[in-house]
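If you're matching positions, the sequence shown starts at 103 in our numbering and goes up one per residue.
Where a beta carbon is used, it is the ideal one built from N, C-alpha and C, also for glycine.
Let me begin by presenting the structure, written as structure tokens, before commenting on it.
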Amino acid sequence: MARIKVSIDPLHADGTVCTHAIKPSGKPRDPDSGCTGRRSYQVRCSEHGKVGEPHGLRVLAEPAQTAHRDEHRKALAAATN
């Protein structure tokens, strides 16, 4: 069985994943990087793709991440019983 990863990806305003170095304010550390800053956070599952809607703050995305991970654990437990 493949390992399932449930992560939280930071997104730009256009929905692309932001991999730039960011200040605590969410703005890019390098103004010449072309980064528009982080706008939201998306929970992503390696098996299901996007999970739910993007959240404005990372701390708001964490419960959705935990809930989705728990669904996988329950499904695995049910399959082994």
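For residue i, the three-state DSSP class (helix, strand or coil)
i      : result
Leu162 : helix
His174 : helix
Residue i classed as buried or exposed, judged by whether at least 16 other C-beta atoms fall within 10 angstroms
i      : result
Ser142 : buried
Pro165 : exposed
Whole-angstrom C-beta distance between residue j and residue i, which should lie under 8 Å
i      : j      : result
His170 : Val108 : 5 Å
Proximity of residue i and residue j at Cβ, strictly below 7 Å
i      : j      : result
His157 : Ile106 : no
Lys129 : Gly117 : no
Val153 : Val161 : no
Ala180 : Ile110 : no
Problem - beta strand (DSSP E) runs contained entirely in the stretch 106–151, provided each spans 3 or more residues - result: 108–113 and 142–147
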